[in-house]
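All remarks here apply to the structure that follows.
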Amino acid sequence: MYARLAGDLIEAGYRVVRALSATDALKARRKYQPGIVVAQLAIPSKHAWQLAPKLATIGSKTRVVLYGADIPVHDYAMAAFLGIEQLIEYRGDVFRLSTRLRQLLSSRSPEQTKSA
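Structure representation (structure tokens):
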């Protein structure tokens with residue numbers, strides 16, 4: 000899954016940095032100041048719901064996208080409350096996830112983000 004999503008991000012013009020935990024993601028956020036963070040809802044060692052607001056407090060220009068195989072309806076309200084740009088429910092289909100991520104990336108390229 001990582002290789003597929005990394006390929007999508009690279010193709011869209013982003014540099015990919017992989018974080019294997021929430022702590023690593025926060026360190027990478029401080030170091031690289033990414034335009035977008037894509038995280039699985041069930042990340043190891045810490046829940047993505049705890050990671051997302053911390054990313055937002057470090058800098059509001061980072062887009063946060065979370066994905067999960069099955070997303071309960073109440074999670075969409077939580078995402079809106081936390082300022083998460085998008086929740087992607089992929090139902091175990093990596094191609095569905097890739098397609099949705101590509102659509103999201105094409106709606107705002109890194110160049111548009113830099114100039115905004």
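Per numbering that gives the first Met the number 0, residue 0 is the first one in the sequence shown, and the count goes up by one each step.
C-beta: ideal position from N, C-alpha, C; glycine also.
{"Query": "Nearest neighbour of residue 47, chosen from 2, 78, 10 and 106 [CA to CA]", "Result": "78"}
{"Query": "Beta strand (DSSP E) segment containing residue 62, residue limits", "Result": "62 to 67"}
{"Query": "Distance CB(residue 86)-CB(residue 8) smaller than 9 Å", "Result": "no"}
{"Query": "Sheet register partners of residue 37 (DSSP bridge)", "Result": "64"}
{"Query": "Beta-bridge pairing of residue 150 - partner residues as DSSP gives them", "Result": "Any question about residue 150 goes unanswered here, given that the chain covers just 0 to 115."}
{"Query": "Local conformation of residue 97 per DSSP, three classes", "Result": "helix"}
{"Query": "Which of helix, strand or coil DSSP assigns to residue 52", "Result": "helix"}
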